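In what follows, a single structure is set out as structure tokens and then discussed.
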Amino acid sequence: LNAQVKEFNSKNKWLKRGLCLLPTKFGIAFTAKFMNQGGALVHVYTDGTVLVSHGGTEMGQGLHTKVCQVAAQAFGIPIDDVYVNDSSTDKVANTIPTAASMSTDMYGMATLDACRQILA
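Just so you know, we're using our numbering here: the sequence shown kicks off at 12 and counts up by one.
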């Protein structure tokens with residue numbers, strides 16, 4: 012790429028190109044620790060299906076699908092046997108905003124923790 016820039020610049024008197032690298036760093040999560048928590052409620056029914064309720068908001072990022080994948084993997088069942096309930100504070104209270112790139116991490120781990128408690 013550097014060679015292409017030099018070649019372009021040698022052929023053009025007034026129009027020049029350059030290269031720039033700018034490292035960028037940003038954190039994820041919230042700065043208030045109490046907001047870095049997620050909750051999940053997992054029901055296992057006698058027909059082998061599973062219903063997961065979690066505090067996250069599905070808004071196109073695939074959160075429900077990811078939570079289903081976590082539960083299916085934890086129980087060793089097909090993903091088609093796992094269902095997700097609409098998010099509601101009557102099922103999982105004290106939910107936090109679905110933001111800061113944290114939804115999958117928080118609600119996925121909350122689901123995994125609930126599944127592990129059931130399996131214990």
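Think of the CB as a built atom: it goes at the ideal place given N, C-alpha and C, for glycine as much as any other residue.
Because the structure is a prediction, the values reported are computed rather than measured.
Alpha carbon to alpha carbon, what distance is there between residue j and residue i?
i	j	result
Gly-67	Asn-23	54 Å
Ala-104	Asp-97	13 Å
Leu-26	Asn-20	7 Å
Lys-44	Leu-52	22 Å
Cys-79	Val-95	7 Å
Met-70	Thr-76	12 Å
Gln-15	Ala-40	40 Å
Is it right to say residue i is buried, meaning 16 or more other beta carbons lie within 10 angstroms of its own, or is it exposed?
i	result
Phe-31	According to the sequence as given, residue 31 is Cys; it is not Phe. Its Cβ having fewer than 16 others within 10 Å, Cys-31 is exposed.
Tyr-56	exposed
Ser-99	exposed
Leu-33	exposed
Ala-131	exposed
Ser-114	buried
Thr-35	exposed
Can you tell me whether DSSP reads residue i as helix, strand or coil?
i	result
Val-16	helix
Leu-52	strand
Leu-62	strand
Cys-31	coil
Leu-26	coil
Gln-128	helix
Gly-119	helix
Lys-102	coil
Met-70	coil
Ile-90	helix
Going by beta carbon distance, what residues of the same chain come within less than 6 Å of residue i, once the five residues before and after it are set aside?
i	result
Ile-107	Met-46
Ser-64	Leu-52, Asn-96, Lys-102, Val-103
Beta strand (DSSP E) containing residue i: first to last residue?
i	result
Val-93	93-95
Kindly list the residues whose CB is nearer than 7 Å to the CB of residue i, restricted to its own chain and excluding five residues on each side of it in sequence; keep chain order.
i	result
Leu-123	Val-81, Ala-85
Ala-121	Gly-49, Gly-50, Ala-51, His-65
Please report the residue range of the alpha helix (DSSP H) in which residue i lies.
i	result
Ile-39	No alpha helix (DSSP H) contains Ile-39, which DSSP labels as neither H nor E.
Thr-76	74-86
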